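> Numbering of the sequence shown is given in full-length UniProt numbering, commencing with residue 1 and proceeding in unit increments. Even glycine gets a Cβ: it sits at the ideal position worked out from N, Cα and C. On a predicted model such as this, the values are computed, not experimentally measured, just so you know.
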Amino acid sequence: MSAQEIVWFTLAVLLVIGELMTGTFYLLMVAIGLLAGGLAALAGLGFPVQAVLAALVAVIGIAGLWRTRFGHATRENAARNRNVNLDIGEMLRVDAWSPERRARVQYRGAEWDVELAPPAPTTGGEFRIVEVRGNVLVVAPK
Numbered sequence: 001m002s003a004q005e006i007v008w009f010t011l012a013v014l015l016v017i018g019e020l021m022t023g024t025f026y027l028l029m030v031a032i033g034l035l036a037g038g039l040a041a042l043a044g045l046g047f048p049v050q051a052v053l054a055a056l057v058a059v060i061g062i063a064g065l066w067r068t069r070f071g072h073a074t075r076e077n078a079a080r081n082r083n084v085n086l087d088i089g090e091m092l093r094v095d096a097w098s099p100e101r102r103a104r105v106q107y108r109g110a111e112w113d114v115e116l117a118p119p120a121p122t123t124g125g126e127f128r129i130v131e132v133r134g135n136v137l138v139v140a141p142k
């Protein structure tokens, strides 16, 4: 193995290690590109061909990854995410609403401000918590 091949493969391994630390798949695609450059070096192709092949494989890998669900981070609003806030989905009772679609209720041993989500009618009853905005619970009819 020549020094050129060792450099390609060493860089690929370093990027795989970096990938393991970051948790994204983009570095893995670049590492696969570097691996292709190393294989081109093993085949005896010149450095310009190795570099172009490595870049092409990396770009194709990144483009392919971007088109999958792994390429797009699905960020859910933390105020509505039950995994972040265990109050989401819980039920509470509101007897009456103010004209501003707000109320004050007892929930989990404390007084809370409650806001009614827009399309719901302002009648009392059981409501489900759909969002937490600071110290205000946003609710919708169950």
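If R139 sits next to V130, beta carbons under 8 Å apart, how far is it from one beta carbon to the other, in whole angstroms?
Residue 139 sits at position 139 when you count from the first residue of the sequence shown. Residue 130 sits at position 130 when you count from the first residue of the sequence shown. In the sequence on display, residue 139 carries Val and not Arg. With a Cβ gap of about 6 Å, V139 and V130 count as contacting.
> Give me the DSSP bridge partner(s) of L92.
The sequence position of residue 92 within the sequence shown is 92, counting from 1. DSSP, once it has assigned bridges, lists F127 as partnering L92.
> Can you tell me whether DSSP reads P141 as helix, strand or coil?
Within the sequence shown, residue 141 is the residue found at index 141, counting from 1. P141: strand per DSSP, three-state reduction.
> On the DSSP letters alone, give me the boundaries of the beta strand (DSSP E) that V105 sits inside.
Walking along the sequence shown from the start, residue 105 turns up at place 105. Residues R102 to Y107.
> Using a Cβ-Cβ cut-off of 8 Å (strictly less than) and excluding sequence neighbours within five positions of I32, which residues of its own chain qualify?
Taking the first residue of the sequence shown as position 1, residue 32 is located at position 32. For I32, where only same-chain residues beyond five positions count, the Cβ hits under 8 Å are A12, V57, A58 and G61.
> Between which residues of its own chain and G42 is the CB-CB distance below 7 Å, once the five residues before and five after are set aside?
Locating residue 42 in the sequence shown gives position 42, counting from the first residue. It should be pointed out that residue 42 corresponds to Leu in this sequence rather than to Gly. Closer than 7 Å at Cβ, skipping near neighbours: E5.
> Counting along the chain, where does the alpha helix (DSSP H) carrying E5 start and finish?
As a first step, residue 5 is located in the sequence shown; it is residue number 5 there, counting from the start. Counting along the chain, the alpha helix (DSSP H) containing E5 begins and ends at A3 to T22.
> Based on DSSP bridge pairs, tell me the residues matched to D113.
In the sequence shown, the residue the question calls residue 113 occupies position 113. Answer is R104 and V136.
> Within 10 angstroms of the Cβ of G64, are there 16 or more other Cβ atoms? Answer buried if so, exposed if not.
For the purposes of this step, residue 64 is identified with residue 64 of the sequence shown, where counting begins at 1. Around the beta carbon of G64, a 10 Å sphere encloses fewer than 16 other beta carbons of the protein chains shown; the residue is thus reported as exposed.
> In terms of alpha-carbon separation, which member of A3, G38 and N85 lies closest to R133?
Numbered from 1 along the sequence shown, position 133 holds the residue referred to as residue 133. When C-alpha distances from R133 are compared across A3, G38 and N85, the shortest belongs to N85.
> Within 10 Å of its beta-carbon, does I17 have 16 or more other beta-carbons around it, so buried, or fewer, so exposed?
As a first step, residue 17 is located in the sequence shown; it is residue number 17 there, counting from the start. Label assigned to I17: exposed.
> Going by alpha carbons, who is nearest to P119 out of R101, E90 and Y107?
Taking the sequence shown and counting its residues from 1, the one referred to as residue 119 is at position 119. Comparing alpha-carbon positions, the option among R101, E90 and Y107 lying closest to P119 turns out to be R101.
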